[in-house]
Amino acid sequence: MVSTKQISKHFRDVHFGGNWTSVNLKDTLADVNWKQATTKVHSLNTIAVLVFHINYYVSAILKVLQGEPLNANDKFSFDLNPIMSEEAWQELVTKAFTEAEQLALQIENLDETKLFQDFEDPKYGNYYRNLLGVIEHTHYHLGQISLIKKIINETKTAN
Numbered sequence: 001m002v003s004t005k006q007i008s009k010h011f012r013d014v015h016f017g018g019n020w021t022s023v024n025l026k027d028t029l030a031d032v033n034w035k036q037a038t039t040k041v042h043s044l045n046t047i048a049v050l051v052f053h054i055n056y057y058v059s060a061i062l063k064v065l066q067g068e069p070l071n072a073n074d075k076f077s078f079d080l081n082p083i084m085s086e087e088a089w090q091e092l093v094t095k096a097f098t099e100a101e102q103l104a105l106q107i108e109n110l111d112e113t114k115l116f117q118d119f120e121d122p123k124y125g126n127y128y129r130n131l132l133g134v135i136e137h138t139h140y141h142l143g144q145i146s147l148i149k150k151i152i153n154e155t156k157t158a159n
């Protein structure tokens with residue numbers, strides 16, 4: 001049987017550490033400043049946009065688990081307002097980690113019988129699919145953030 005405690009652990013691990021890959025969002029972003037976060041590399045999204053994008057789906061699922069209707073649309077998931085200061089960057093990061101922890105708690109306390117029920121609408125699949133999906137999604141974009149950060153740091157060193 002699938003455990004909501006285990007799903008919650010996997011979700012926390014990708015955000016805060018302890019996962020199998022030994023890479024997590026918190027450590028990866030710890031030394032990223034707002035200039036780096038908003039630096040455009042080739043045609044890739046910026047680190048800030050990717051953090052916003054990751055959190056967009058975390059926030060949407062969190063609200064559903066808190067009893068609100070699903071109110072998200074993929075076309076808005078990259079719509080970050082410009083980050084113009086270190087303070088604005090830190091606010092985005094803090095929001096992402098705060099909502100990640102809130103979602104982890106909601107998952108942990110979710111009745112396990114709900115895992116295989118429809119997530120709001122049958123077209124979205126069940127809760128289990130969506131919870132695993134948000135973990136996979138975070139890992140995917142964490143990989144992008146790690147590579148973009150590495151390119152920015154290597155470019156900075158070369159100059």
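In case it helps, the UniProt record's numbering puts the sequence shown at residues 1 to 159.
Idealized CB from N, CA, C, for every residue including glycine.
- Contact check for E99 against L142 fails: the beta carbons are separated by 7 angstroms or more.
- In this structure, K26 and H10 do not form a Cβ contact; the two beta carbons are roughly 15 angstroms apart against a cut-off of 8 angstroms.
- Counting only unbroken stretches of 4 or more residues, the alpha helix (DSSP H) elements lying wholly within the segment 24-91 are 25-29, 34-37, 47-65, in sequence order.
- Spanning the alpha carbons of A48 and Q144 requires a straight line of approximately 12 angstroms.
- Where Q6 is concerned, the enclosing alpha helix (DSSP H) starts and stops at 4-16.
- When rounded, the separation of the alpha-carbon atoms in L65 and R129 is 14 angstroms.
- Under DSSP, N126 takes part in a beta bridge, and its partners are D118.
- The straight-line gap separating the alpha-carbon atoms of L29 and L131 is approximately 23 angstroms.
- For a cut-off of 8 angstroms, the C-beta gap from L110 to V58 is around 15 angstroms, too long to register as a contact.
- If the five residues before and after G125 are omitted, its C-beta is found closer than 7 angstroms to the C-beta atoms of F119, all from its own chain and listed in chain order.
- E108 is a Cβ neighbour of S8, given a cutoff of 7 angstroms.
- When the beta-carbon positions are compared, V32 and I151 stay at least 7 angstroms from each other.
- Judged by their CB atoms, W89 and A37 are nearer to each other than the 7 angstroms cut-off.
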